[in-house]
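In the order they appear, the protein sequences are chains A and X. Heads up: the first sequence runs through residues -15 to 323, numbered per this note's numbering. Heads up: the second sequence runs through residues 209 to 571, numbered per this note's numbering. Report on the structure given below.
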Amino acid sequence: MSQAAESTGGPAISARGRTRSFGKQVAVDHVDLDIPKAQIYGFLGPNGSGKSTTIRMLCGLLRPSSGECVVLGHSVPRDAERLRQKIGYMTQRFSLWEDLTVEENLDFMARIFGLSREQRIARMSQRLSEYRLEELRSQRAGTLSGGQKQRLALAAATLHEPQLLLLDEPTSAVDPQSRRDFWESLFELVARGTTILVSTHYMDEAERCHGLAILDRGRLVGEGSPRQLMDSIEATVIEIEVADIRGARKALDNQPFVRSVAQLGTRLHALLDRSLSDPEVRVKALLKEKGIEGTVERVRASLEDVFVAATGFTSDRGADKGSAPTPALPRDAGEGARH
Amino acid sequence: MLFRIRAIATKEVRQLRRDRLTFGMIVGIPLIQMLLFGYAINFDVRGLSAGVVDEAHTSTSRALIADVVATGVLKITHHARSVGELQSLMRGGEISVGLYIPADFERRRIERDRPVAQLLVDGSEPTIEGIARGFAAMPLPGRDGIYQAATSIFEVRTEYNPEKRTAVQVVPALIGVILSMTMMMITPVAIVRERERGNLELLITTPASSFELMAGKLLPYVFIGLIQTTLVLVLGVLLFDVPINGSLVALYVAALLFIAATLALGLLASTIAQTQMQAFQMAFFVLLPSILLSGFVFPFEGMPPVARAIAQALPLTHFIELVRGIVLRGSTLAELRLPAFKLLAFLGVVFALVTLRFHKRLD
């Protein structure tokens, strides 16, 4: 492992053609990734899209069926053991020991990573205060709340100051305030040079990432910064405000150029084919035919729109053709463990 | 490397201390089994109530009765005047055994052509009959020449356990049974539980190697096994006067070998089982034949060839041979090299399988 190669500006992770199948199911299908250092990079995708499987392959927990990958200068899975000391991994499920106290859990992780006595004492007290765990230090981990558990897990994963943090849906069991705090902590870590790879299905979280990969059924269907993704969306977004929402929706539903319609309170949010010219006029005319009056305006695409455009279309079309079922992962390797 | 093994072992002990039930079982299993097997299961009944008819009334006949009482197998509860009276006492269930010394006792003793006395046995109870018959064949110690060739042609002499106490046979073997239970049940469950709870996924992303993981997890159980061994031995000596004729060092070496073999087996089970329940069932799958076929309860020699072949594949069979040899016969490990070698071979094979099966990966 050459220290020089790591400290240069090369990507933290670069993967080419990573594929992993479980039996006939392809969980991750030829995913290419280049993840720069000292950034938060997000995996956005619905359940079963291959987020966990990709993360597990990146840290050597699963062997890829094909493809190659270099993480922090180490080829994975061949060099996975050497990589361990440099990465921190936070599993989807709380995986510290519930029958040990907060302090005992941290102590164990510090020892496993081979921290010296002085380092152990210093880092533990630092993490306990940074993640507001001081008062909980002799409490059993099993009795902590979701947010506290997650702070503990993050503290444990960062004890050995890893260069790369892999977080698999870290905020799925956490309240909004804890999520905000958690993301603040992540930005602190990034400021200190850590690269963070996080998987999520929350849009607000995805929006906070520097870079984003949208995964759908094992394939990479979109990549870029949230802004880039929103700007380059393959759809026109309009919002409709009418009295007869249900009627308007009915009118839109069967139109070939309408890709998706969602109701937001008293408004309708619709994604239309980008090729459609004068979308506001067309929609207004369409509604008028049905005797519905209201305002129609073009709005900026949100990340959710990007997500729907990237995943929703393909899944609709896929369903029409009756192909490609959502891959179900084996119990011990997939997201099923949590559900 | 050692610091990681220590870290894992420390964690394991901490968890064990919190798990009151498991912790209790580690001490409770030996204790309860000890009392159960030591007191309740008694293959030779002692203190059978007996009636005596002594028509000879000589000093030798009284000595014979005294000797019979001294064995502790019979307890004289009735003195009768005739054989008929003995029979009616037996019909009434008041005695299980009757001792009849005829008037010509002295002449029979000198002529040596007929048995000197008669033992009436209640045949309705199979165990009592067998035991009483065995008793009839046992020489009465201390009076050489008095009854020689009087009762039977073959003289039976029970070596190493002259009083034929079951506890003496059972207690050493019980060490093996208890160790099997701990190593086969608690250990795999402890490993599979980590898989079930997701701890394993975290553990394998740490720098700890497979070997460190396993060693750290198993080490506490080796100590627990040694504690259990000691507990059974101490209880055996205190409660049942089990003589420890062989060397303690040899005994602990044998125990360590057996602990290693069963731990390896437990580990193998844990690499196959996905849930704690499965681990438990697998443990039972091995435990039951172990207890039945290893010679712990039924004599190994009396088994059909198939059962014997199965027994040869069970580590408990060899350990029981070792431990009975060391504790009761005072044998050395050199004398017991055959079972020791078989146990070692078992350990080797199972360990090789474990190494093949355990990966530090999820797939």
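Backbone N, C-alpha and C fix where the C-beta goes; we use that ideal spot for every residue, glycine too.
Within the same chain, V261 and Y308 come within 7 Å of V291 (chain X) by CB-CB distance, once the 5 residues on both sides are set aside. Closest by C-alpha distance to G301 (chain X), out of X:G259, X:L473 and X:V324, is X:G259.
Contact with chain A is absent for R228 (chain X), since none of that chain's Cβ atoms lies less than 8 Å from the residue's Cβ. Residue state for V557 (chain X) is assigned as helix, using DSSP reduced to three classes.
Using a C-beta cut-off of 8 Å, the segment 4 to 12 of chain A makes contact with the segment 37 to 49 of chain A, since at least three inter-stretch Cβ pairs fall below that distance.
In this structure, V535 (chain X) places its C-beta atom within 8 Å of the C-beta atom of G454 (chain X). Within chain A, no residue has its CB atom less than 7 Å from the CB of T279 (chain X), the nearest being about 55 Å off. Using a Cβ distance threshold of 8 Å, E82 (chain A) and R121 (chain A) do not count as a contacting pair.
In the DSSP assignment, K35 (chain A) falls outside any beta strand (DSSP E) and within the unbroken alpha helix (DSSP H) covering K35 to L42.
Neighbours of Y73 (chain A) across chain X, judged by C-beta separation under 9 Å: E409, L410, T413 and T414.
For the set A:I222, A:Q76 and A:L84, the Cα lying nearest the Cα of A157 (chain A) is the one of A:Q76. One finds W81, D83 and L84 in chain A with Cβ atoms closer than 9 Å to the Cβ of Q223 (chain X), taken in chain order.
By the criterion of a C-beta distance shorter than 6 Å, P(-5) (chain A) is surrounded in its chain by D18, I19 and P20, once the five residues flanking it on both sides are discounted. With its beta carbon less than 8 Å from one in chain X, F92 (chain A) belongs to the interface.
Taking a beta-carbon distance threshold of 8 Å, R95 (chain A) counts as an interface residue toward chain X.
Counting only runs of at least 3 residues, the segment 216 to 293 of chain A fully encloses the following beta strand (DSSP E) elements, listed from N- to C-terminal order: 219 to 226, 242 to 248, 251 to 257 and 278 to 282. Approximately 6 Å separates the beta-carbon atoms of L90 (chain A) and L143 (chain A); this is inside 8 Å, confirming the contact. For A325 (chain X), the three-state secondary structure derived from DSSP is coil. By the neighbour-count criterion, in which 16 or more other beta carbons inside 10 Å mark a residue as buried, Y247 (chain X) falls on the exposed side. Looking at the backbone, the Cα of Q489 (chain X) and that of R270 (chain X) are separated by about 59 Å.
For the set A:E277, A:G177, A:D159 and A:F166, the Cα lying nearest the Cα of R230 (chain A) is the one of A:E277. In its chain, beyond the 5 residues on either side, A469 and P523 have a beta carbon closer than 7 Å to the beta carbon of F554 (chain X). Judged by DSSP secondary structure, T3 (chain A) falls within the beta strand (DSSP E) whose first and last residues are I(-3) to F6. Only residues of its own chain outside the window of five on either side were considered, and among them S539 and L544 have a CB closer than 6 Å to the CB of G533 (chain X), listed in chain order. I518 (chain X) and D321 (chain X) have their alpha carbons spaced roughly 48 Å apart. Between the segment 475 to 486 of chain X and the segment 393 to 401 of chain X, the count of Cβ pairs shorter than 8 Å is three or higher; the stretches touch. DSSP places F313 (chain X) in the helix class (H, G or I) of the three-state scheme. Beta bridge pairing from DSSP links G208 (chain A) with A:L196. Assignment of M490 (chain X) by DSSP, reduced to helix, strand and coil, places it in the helix class. Just so you know, the alpha carbons of V221 (chain A) and D159 (chain A) end up roughly 30 Å apart. In the DSSP secondary-structure assignment, V305 (chain X) is bridged to X:A258 and X:V329. About 6 Å separates the Cβ atoms of R0 (chain A) and D16 (chain A), confirming a contact at the 8 Å cut-off.
In the three-state DSSP reduction, K283 (chain X) falls in the strand class (E or B). When secondary structure is reduced to three states using DSSP, M209 (chain X) falls in the coil class, being assigned neither helix nor strand.
For the segment 25 to 38 of chain A, the set of residues with a beta-carbon nearer than 8 Å to any beta-carbon of chain X is empty. P396 (chain X) and A481 (chain X) do touch by the CB rule: their CB atoms are close to 6 Å apart, below 8 Å.
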